[in-house]
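Everything on this sheet refers to the single structure shown next.
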């Protein structure tokens with residue numbers, strides 16, 4: 008979902024949370040806006056706002072850390088190597104770069120190289136847990152005497168980068184990349200040098216080749232013909248026979264590999280050692296007849312000596328499982344994504360991935376008549392009455408959530424023939440999008456601004472680092488594009504390029520631009536081409552590498568491209584969406600779900616992760632430790648593009664069972680999201696759960712109408728049938744106990760006949776959606792027109808329920824304390840609820856109390872009861888985004904002023920919706936010291952402060968039992 012919600016629970020990850028501030032905007036003068044069709048965007052930031060920020064002048068000069076050799080045009084961000092260029096936490100060199108199979112870290116002396124094959128696992132199998140293959144330097148590749156003040160970027164291609172060092176006398180350039188078992192180096196001013204922490208273990212030194220082992224990992228260094236290598240102390244050096252190049256290869260061996268096999272591999276790799284990879288490039292195509300997306304990954308090599316070509320590459324599981332034409336050899340590398348298999352001598356490889364279809368919405372086969380239609384109609388009345396965007400935050404993310412919710416309801420209203428409700432929802436979408444797509448259009452302050460230095464489009468009000476860190480653009484903008492795709496079907500005039508379609512395409516170009524010739528935006532900003540999935544952080548400056556939690560919001564963007572491209576006839580956008588969608592669907596099954604149980608470390612103990620990191624994965628999120636949210640964040644939003652979640656129905660059950668185990672029972676928050684996921688594996692059980700819990704609280708971006716529609720119809724349709732494809736992108740096949748239902752949508756102006764791979768055909772009328780069984784719906788084709796006058800959409804703020812219901816009143820006991828004014832802790836509850844203000848952080852104070860509010864009580868005598876500290880704090884950030892409240896509980900066993908036990912809890916990332924949220928000890932400990940002991944007139948102290956955020960927050964105090972939502976602290980003592 009949103010990146011900068013809190014501190015990651017990642018061992019060794021350097022997590023610096025930088026937050027966005029919601030500000031009041033001024034209308035831009037016309038001179039500062041660029042017209043695009045009927046829309047416009049700002050060409051400078053609104054007063055008081057921020058753009059990208061980082062070390063030195065990087066905020067205004069993103070090319071501060073590139074050389075003159077680097078490609079011109081917009082710089083890439085959101086990549087595995089972005090910390091090299093978008094320096095933010097390490098201003099001279101870089102945080103670790105996890106390329107796979109190797110990882111790297113630049114330093115003054117050159118490029119640190121490491122290959123970690125043993126996972127570091129922490130946490131528990133039923134709670135927050137994680138695995139990492141943390142970077143450790145095995146040797147440093149450089150030039151004798153090199154002492155560079157910084158590392159610059161000399162160049163990049165689709166999945167490689169070339170860091171550069173210079174100290175004025177010596178230079179080094181080293182090309183590294185995803186899937187490359189080689190480091191390719193160019194040097195001047197001194198001998199090539201490999202330096203180690205101790206004397207290197209050399210197993211071969213013959214002519215221009217030297218083999219050595221570090222931590223059980225075998226490497227071979229290759230110098231030019233005629234050169235030799237010299238071992239002295241902790242270094243290996245070579246004069247390179249007067250040349251300026253060499254390479255080092257990591258061999259796919261283990262300590263048990265026979266010496267003869269190791270030598271044979273070194274000889275095989277040696278055939279390609281001087282074919283330096285100087286370019287990488289992806290190209291894709293969609294074969295509609297076979298519903299296959301073909302992607303070709305090409306390596307350009309330059310022979311530094313001889314005339315050879317080809318190289319050695321390692322493929323990720325999502326690649327080798329869909330490889331076309333070639334078969335990997337048996338050698339493998341260990342990686343955080345599972346086994347990487349080796350191709351030798353390749354100049355390119357191609358994957359062929361089946362596209363299983365998407366739909367604008369699940370067809371209403373079970374809700375088109377009878378009692379369920381009445382139920383659904385009532386729910387639809389709820390969401391379609393009044394302004395469907397009221398109560399949502401004004402920033403890009405929460406506006407997107409509101410747009411997504413309205414678009415889902417509009418699709419359902421269309422299926423039910425409720426055209427008045429459909430058009431009311433579409434009018435709200437049209438009004439809000441038009442407002443955002445017109446810079447300076449009114450007093451709402453909603454606009455997009457283009458930053459020419461960075462080549463990026465930032466929506467203001469921004470949120471979760473989308474401005475300062477360039478986080479999450481695909482998450483935020485995917486909702487806009489998806490809503491625009493729904494609107495385009497019914498109002499094609501609005502979506503025309505000469506109207507507002509150009510602004511929609513501008514958002515696409517920013518987040519994942521498919522056009523290499525575009526000079527405004529980088530190519531595929533958020534999508535890691537070789538890794539097969541998006542990255543959320545713009546800078547990736549963490550010890551664990553870049554990260555992403557909500558893979559499903561990334562898929563929402565990809566599906567939006569497919570839907571928008573088809574609705575507007577933009578084949579290039581459609582095909583880019585198909586490439587990202589099919590590739591990432593495979594990556595999610597492998598790296599977020601590990602649905603075939605092959606990639607996570609055996610001891611990890613989880614069947615899913617909430618976050619993928621460059622060096623591993625975490626059963627965690629940025630914003631919550633609740634299992635429902637850890638797992639649910641990779642399920643929302645639920646749309647007609649979510650069918651990939653059901654490709655492996657048995658895994659749906661596995662995922663659900665883990666949730667119930669870790670949660671200690673059925674979900675209590677985000678139930679609608681989780682039931683919707685469960686319905687892809689067991690629709691009948693999901694429907695039972697829904698019917699048995701009528702009082703559930705909808706997730707913020709969901710509606711009761713959409714959840715009921717989705718689950719009720721999947722219960723009738725069954726599971727996604729991946730054995731059948733169709734010759735159109737908008738299709739799906741479902742299987743219920745052997746009975747198939749075929750569905751397809753036609754957004755064209757003439758009827759089509761869809762042919763399925765099993766020979767079944769389905770005729771779909773112009774602008775219609777149809778299924779076998781004679782169900783047909785409108786599906787668009789310009790059947791709604793805008794009203795003659797649309798007022799600006801600027802709904803007043805309204806209260807939105809928290810994501811979980813208020814707790815029941817806790818029992819009163821002598822070890823239970825209420826937060827009271829003063830501030831103080833008391834065994835007596837208050838009589839009239841109020842709030843205590845917690846000062847804004849205005850910086851990062853994670854783990855370090857900063858202007859805390861302190862509650863304390865003394866005179867406690869008692870013995871330990873075997874429990875642990877518990878608290879329930881009702882906190883609220885109002886409409887402020889990216890706030891984080893943190894708690895520390897300290898025990899003074901004798902009242903003498905010495906605290907023998909101190910517990911600091913992970914901070915709680917609040918939402919930007921008015922209404923309190925529960926912060927409890929379930930977030931887990933960030934740190935602790937000391938051991939609990941018996942109390943003799945002792946004291947307990949609770950400190951609350953804002954760890955991150957630029958706005959104050961509140962905690963509810965003095966509440967009575969009748970008031971409810973009492974903030975309490977319970978200590979593990981019998982007194």
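Numbering (the working numbering), first residue to last: 8 to 982.
Beta carbons are placed, not taken as given, at the ideal position from N, Cα and C, and that holds for glycine.
Quantities reported herein were computed from a predicted structural model and do not represent experimental measurements.
The DSSP assignment places 324-327 as complete runs of the alpha helix (DSSP H) inside the region 310-356, in order along the chain (cut-off: 4 residues). The DSSP-derived three-state label of residue 69 is helix. Taking the Cα positions, residue 727 is about 10 angstroms away from residue 748.
In the three-state DSSP reduction, residue 597 falls in the helix class (H, G or I). DSSP places residue 683 inside the alpha helix (DSSP H), whose first and last residues are 678-686. In its chain, beyond the 5 residues on either side, 180, 251 and 252 have a beta carbon closer than 6 angstroms to the beta carbon of residue 193. The way I'd put it, the region 127-136 does touch the region 605-613; three or more beta-carbon pairs between them come closer than 8 angstroms. Among the bridge pairs identified by DSSP, residue 613 is matched with none. In this structure residue 293 is not in contact with residue 256, their Cβ atoms being roughly 36 angstroms apart against a cut-off of 8 angstroms.
Cα atoms of residue 946 and residue 922: separation of roughly 32 angstroms, rounded to the nearest angstrom. For residue 293, DSSP records a beta bridge to 300.
Approximately 13 angstroms separates the beta-carbon atoms of residue 534 and residue 523; this is outside 8 angstroms, ruling out the contact. Taking one beta carbon from each stretch, the region 634-648 and the region 104-111 have fewer than 3 pairs nearer than 8 angstroms; the two do not touch. The C-beta of residue 841 has fewer than 16 other C-beta atoms within 10 Å across all chains shown, which makes the residue exposed.
Per DSSP, the continuous beta strand (DSSP E) segment holding residue 625 begins and ends at 623-626. Looking at the DSSP output, residue 245 bridges to 199. With fewer than 16 other beta carbons inside 10 angstroms of its own, residue 312 counts as exposed. Excluding residues up to 5 positions away in sequence, 241 lie with their Cβ nearer than 8 angstroms to the Cβ of residue 205 in the same chain.
Under the rule that a run must span 3 or more residues, the beta strand (DSSP E) segments found entirely inside the region 121-173 read 127-130, 136-139, 146-150, 158-163 and 167-173. The shortest C-alpha to C-alpha distance from residue 590 to any of 328, 890 and 209 is the one to 328. By the CB criterion at 8 angstroms, residue 150 and residue 199 fall inside the cutoff. For residue 402, no alpha helix (DSSP H) segment is defined, and its DSSP state is neither H nor E. Restricting attention to 857, 752, 689 and 617, the CA atom closest to the CA of residue 724 is found in 689. Taking the C-beta atoms as reference points, residue 622 is found no nearer than 8 angstroms to residue 547. Residue 188 is positioned such that its CB atom lies no closer than 8 angstroms to that of residue 243. Under the three-state reduction of DSSP, residue 630 is assigned to coil, being neither helix nor strand. Distance between residue 428 and residue 501, taken at the CA atoms: about 19 angstroms. By the Cβ rule, the region 64-78 counts as touching the region 90-98, because three or more pairs are nearer than 8 angstroms. The beta carbon of residue 453 sits closer than 6 angstroms to the beta carbons of 442 and 443 from its chain, once the five residues preceding and following it are set aside; these are given in chain order. Under the DSSP assignment, residue 428 falls in the alpha helix (DSSP H) whose first and last residues are 426-443. Partner residues in the beta bridge of residue 865, as assigned by DSSP, are 946. The beta-bridge partner set that DSSP reports for residue 898 consists of 908 and 947. Looking at the DSSP output, residue 924 bridges to 882. Look at residue 673 here: in three-state DSSP terms it is coil, with no helix or strand label. As a beta-bridge residue in DSSP terms, residue 893 pairs with 952.
Excluding the 5 residues flanking it on each side, residue 671 has no same chain C-beta neighbour closer than 8 angstroms.
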